[in-house]
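Down below is the structure, laid out as C-alpha cells.
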Amino acid sequence: MNPEELLAYDRRHVWHPYATIGDDAVASWWCVAHGHNHPAIVEAVRRQSERMSHVMFGGFTHEPAVELARRLAGIAPPGLDRVFFADSGSIAVEVAAKMAVQYQRAAGRPERCRLVALEGGYHGDTCCAMALSDPDGMHALFRGIMPRHFFAAKPRTRFGAAWEASDFDSMLRVVEEHGDEIAAMICEPVFQAANAMWFYHPRYLAEMRRLCDERGILLVFDEIAAGLHRTGPRWAHEHAGPGAATPDILCVGKALTGGHLTLAATIASERVAETISRGRPSAFMHGPTYMANPLACAAGCASLDLFAAGDCAAEARRVEARFRAGLAPLKALPNVADVRVLGAVGVAELRAMPRAEDVRRVILETGVWLRPFANFVSSIPPFVATDADLDRICEAIRAVCELPPGPPPDDPDFHE
Ligand SMILES: *Cc1c(COP(=O)(O)O)cnc(C)c1O
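To convert, note that position 294 of the sequence shown is 327 in my numbering; the numbers rise steadily by one, no gaps.
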C-alpha cells in the first residue's frame, strides 16, 4: 500500500487510543526517554532476535530477563528486589493489587481485599487499574464493571509549598473507617500524571508510610510515569527524603524500554514475596503469555544501561530550569489558570480548551506535537531534547495558551 492507502485503511479499520474510528490521533506518551530508535536499544533487540525471540517464562528463564531483573533490583529502593515482569503498565498495577491481596491472605487477613487510592490518580486502562484511578475521571463510564475500592481526597499541598497536616485527614478517615478491609494503599508519588498533571507535597508519602506500618497495610507506589528521573531523582518518592517513604511494591513501566517495546515490572520486597510463598497457594497467581519477552527485556537492559551511563537527574534539572523560564510567564495570559513545572514535566492548565482545529493549526505551524487533554497543555520531552528544542516546545505551548477559548465540551463526563 502507498502512504495514502495506508492512511485510508487505517482511518476505516484501526482503533486508536481515546479516539473514534475516523479521527486522527498519534502519541508516544512519555516513554521515549532517550529519543526514538536509539541505536543501542535497536541493536540490543536485533541481537536478541537472532538468538531467541520468545520462550514461555513458566519453567524457563533466559539471560535478558535475569539481567534486567538484576538491573532493576540494583536501582530499586532498598529492600525491593523481587521482580515480576508484566506486559504493560496497567498489568503491572493489576499485579501489584493481586500481590497485596494474596499477601494479606497469606498473613491470615483474607478479609483485606480492597485498596485505597487517591482522587485525581491514574493507574491504567484495564479494569482493576481503572478502578483505582480517579473515580470521576475518564473512566467513570465503566463504573458498572469495576471492582469497588476506597478513595482519599487528592493531596492539596503543592510541591514546594509548606506542608499542611490537614491534607492527610481524608486518608486518615478512610483508614479509620475501613482499615480492616484494606490490603494496600496505592498512589502515583508526587506527580499525578494523566488524570491531574499535578505535583503534590512529598510529605504525604511519608504520612502514608507511617499509617501503613501502623495498620498492617502495604504501600504501592506506581512510578510508571514518574520513575526513571522524570521528576528529577530516579524515583519520585525520593523527594520525601532518604528512607522516609519506601514502598513495599513498586510499579515501573513507560521509559523502561525507552519506548521500544511494551514492558513493565512490579518489584516487591522480600517480606511480600516470602509471605506469599508461605501461604496457600504458595505460587503468586499471575502469568501472562508474553511474560518477560526476551526482546522486550533486551530493550529494557539497553535502556537502563543508557540511564546508568548518562546523568538523567542533571538532564531533568536542565529541562526544569528551561521550562520554568519558558512557561512561568504564561501565567499572565488570560486563559491560563496555572503553570506547573517539576523535573522534565511542564504543564499549563487552561481555563477553557481552545477548539481542536486551532490546536491542530498550531501543531502544524510549530512542528511541535502537543496533545492537550482535559484542560492541560503539557510537555514530557525525552532527556535528549536540546535547549533549543525546549524553547520551541515552550513557544508552541504559548501559542496554544494564546488561542481563543473554544466551546464547552459536548459531553461533560468525558473530555479528551
Ligand atoms: C501510563 C500509566 C499507566 C498504564 O501504563 P500502560 O503501559 O499504558 O498500561 C499506569 N500508571 C501510570 C502512573 C501511568 O502513567
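A virtual CB, placed ideally from N, CA and C, is assigned to each residue, including glycine.
Query, Result
"Exposure label - residue 55; buried when at least 16 CB within 10 Å", "Note that residue 55 scores 43 on pLDDT, short of 50, meaning its location in the model is unreliable; the coordinates nonetheless yield the value given after this. Classification for residue 55: exposed."
"Any non-hydrogen atom of ligand 1 closer than 7 Å to residue 86 Cβ", "no"
"Distance cut-off 7 Å: residue 272 Cβ against heavy atoms of ligand 1", "no"
"Counted within 10 angstroms of its Cβ, other Cβ atoms place residue 74 as buried (16 or more) or exposed", "buried"
"Distance cut-off 7 Å: residue 221 Cβ against heavy atoms of ligand 1", "yes"
"Contact set for residue 60: own chain, Cβ-Cβ below 6 Å, skip 5 residues either direction", "Because residue 60 sits at a pLDDT of 36, beneath the cut-off of 50, its placement in the model cannot be relied upon, and the point is left open."
"The region 238-254 touching the region 326-346, judged by at least three CB pairs closer than 8 Å", "no"
"8 Å Cβ cutoff met for residue 184 and residue 150", "yes"
"Unbroken beta strand (DSSP E) run spanning residue 254, endpoints", "251-255"
"contact_flag[the region 269-288, the region 386-401] where n(CB pairs < 8 Å) is 3 or more", "no"
"Exposure label - residue 106; buried when at least 16 CB within 10 Å", "exposed"
"DSSP three-state assignment for residue 308, whether helix, strand or coil", "helix"
"Three-state class that DSSP yields for residue 439 in the structure shown", "coil"
"Same chain, Cβ closer than 8 Å to residue 282, five either side skipped, listed in chain order", "113, 129, 132, 133, 217, 251, 252, 253, 254, 299, 300, 301, 302, 305"
"Proximity test, residue 126 beta-carbon vs ligand 1 heavy atom, cut-off 7 Å", "yes"
"For residue 89, the residue or residues it bridges with in DSSP", "Looking at the DSSP assignment, residue 89 forms no beta bridge with any residue, so it has no partner."
"Where the beta strand (DSSP E) containing residue 114 begins and where it ends", "113-119"
"Where the alpha helix (DSSP H) through residue 204 begins and ends", "202-211"
"Nearest neighbour of residue 121, chosen from 144, 339, 437, 294 [CA to CA]", "294"
"Check: residue 257 C-beta below 7 Å from any heavy atom of ligand 2", "By its list of ligands, the structure shown excludes ligand 2, since it contains just ligand 1."
"Selection from 95, 141, 182 that minimises the alpha carbon distance to residue 161", "182"
"Rounded Cβ spacing between residue 312 and residue 81 (contact assumed at less than 8 Å)", "That pair is no contact at about 35 Å."
"Cβ-heavy atom distance, residue 333 to ligand 1, below 7 Å", "no"
"Any non-hydrogen atom of ligand 1 closer than 7 Å to residue 287 Cβ", "yes"
"Within the region 330-409, ranges of the alpha helix (DSSP H) (whole runs, at least 4 residues)", "345-360, 389-399"
"First and last residue of the uninterrupted alpha helix (DSSP H) at residue 139", "122-139"
"Segment limits, beta strand (DSSP E) that includes residue 285", "282-285"
"Buried versus exposed, by CB contacts within 10 Å (16 or more), residue 263", "buried"
"Any non-hydrogen atom of ligand 1 closer than 7 Å to residue 293 Cβ", "no"
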